[in-house]
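**Q** Have a look at this one.
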Amino acid sequence: MKIKLEFVFGFLGSGKSNFINSYLESGICEDEKILIILLEKGNTIIKEISNNKVIYIEDIKYLKEIIIRELGTSTFDRIIVEYNGTLSVDIISDICNDKSVKKYIEFYGGYFIGDAKDMIVYIKNIGEIIIPFIQGSKILIINNMELISKEKGDEIINLIKEINTNSPIITIPSISDMDTMIKNSKYFKRNLFFESLKSLFKVKLND
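Counting from 1, position 23 in the sequence shown corresponds to residue 23 in full-length UniProt numbering; the numbering is continuous, with no gaps.
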């Protein structure tokens, strides 16, 4: 059985590391051995949970090499890559389509993490960078919603829905609420998650 490869997208300070910590303790990752690869050093430290391994690399060019090396010496159920939003999405395609990587892994989608304070500016001003990540994510998480007005919040949700019509959007009042909301969300409980994915893929197949 191939190893699930997932990416967590977002800019520095968006809450990616907070999300990963919450995700690792959710029902989805329960009883799994997970390799976490970090491409940037944020303020939040990834928890060293039993059976998990955390690696930091300074350059994206080493990602493929690290994946192949680690899978050649250890067994994992899942790989989570914390991916800087300023990098090109094409790099992911190159890695996932590489024959030496494909024999080990199955691309299992991505999560987009965004800060509500910056979303409108980013989408309108650097859309060529951020939009591909929004389009390609299976779940979209927008935090710090309490720091903006309801009108701006509605504008963000509408903009995101225009970009990605199928994937669910989770809005979080504050980054401090991330842990509780992720663990309580139906999308992060194992059985409900797979049912949600089936429904999502069914919608996409019928488009």
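Where a beta carbon is used, it is the ideal one built from N, C-alpha and C, also for glycine. On a predicted model such as this, the values are computed, not experimentally measured, just so you know.
Is the beta carbon of Asn21 sitting closer than 9 Å to the one on Lys47?
**A** Yes, the Cβ-Cβ distance between Asn21 and Lys47 is below 9 Å.
**Q** Identify which residue in Tyr111, Phe133, Ile79 has its Cα closest to the Cα of Ser88.
**A** When only C-alpha atoms are compared, the closest one is Phe133.
**Q** Buried or exposed: Met145, going by 16 or more other Cβ atoms within 10 Å of its Cβ?
**A** Its Cβ being crowded by 16 or more others within 10 Å, Met145 is buried.
**Q** On the CB-based measure, 16 or more other CB atoms within 10 Å of its CB, does Asn143 come out buried or exposed?
**A** Flag for Asn143 reads buried.
**Q** Expressed to the nearest angstrom, what Euclidean distance is found between the alpha-carbon atoms of Met1 and Ser149?
**A** Rounded to the nearest angstrom, the two C-alpha atoms are 47 Å apart.
**Q** Whole angstroms is fine: what's the gap from Lys16's alpha carbon to Ile163's?
**A** Roughly 21 Å between the two C-alpha positions.
**Q** Note down the Cα distance separating Ile34 from Ile3, rounded to an integer number of angstroms.
**A** Between Ile34 and Ile3, the C-alpha separation is close to 10 Å.
**Q** If we call anything under 9 Å between Cβ atoms a contact, is Ile9 one with Gly72?
**A** Residue identity differs from the one stated: residue 9 is Phe in this sequence, not Ile. Cβ distance not < 9 Å, so Phe9 and Gly72 don't count as in contact.
**Q** So, at 7 Å on beta carbons, what are the nonlocal neighbours of Ile60 in its own chain, with the 5 sequence-adjacent residues on each side left out?
**A** Closer than 7 Å at Cβ, skipping near neighbours: Leu39, Leu87, Ile91.
**Q** Could you work out which residue in Arg78, Asp31, Gly13, Ser50 is closest to Ile37 when comparing CA atoms only?
**A** Nearest of Arg78, Asp31, Gly13, Ser50 to Ile37, Cα basis: Arg78.
**Q** What's the gap between the Cα of Ser14 and the Cα of Ser176?
**A** Their backbone Cα atoms lie some 12 Å apart in a straight line.
**Q** Comparing C-alpha positions only, which one of Gly27, Glu6, Leu159, Asn51 sits nearest to Ile123?
**A** Per the Cα distances, Leu159.
**Q** If you count every other CB in all the chains shown that lies within 10 Å of the CB of Phe11, and 16 or more means buried, which is it?
**A** It counts as buried.
**Q** DSSP beta-bridge partners for Thr171?
**A** Bridge partners of Thr171: Ile142.
**Q** Where DSSP assigns a beta bridge to Phe11, which residues make up the other side?
**A** Bridge partners of Phe11: none, in fact.
**Q** Helix, strand or coil, according to DSSP, for Glu65 in the structure here?
**A** Of the three classes helix, strand and coil, the one that applies to Glu65 here is helix, per DSSP.
**Q** Going by beta carbon distance, what residues of the same chain come within less than 7 Å of residue 221, once the five residues before and after it are set aside?
**A** Outside the modelled stretch of the chain, which goes from 1 to 207, sits residue 221, for which no answer is possible.
**Q** In three-state DSSP terms, what is Phe188?
**A** It is helical.
**Q** Let me make sure I understand the geometry here. Which of Glu6, Leu24, Leu5, Phe7 has the alpha-carbon closest to that of Met178?
**A** When each option's Cα is compared against that of Met178, the closest is Leu24.
**Q** Alpha carbons only, please: which of Ser74, Thr75, Ile126, Ile170 is nearest the one belonging to Ile138?
**A** A quick correction: the sequence has Lys, not Ile, at residue 138. Among Ser74, Thr75, Ile126, Ile170, the Cα nearest to that of Lys138 belongs to Ile170.
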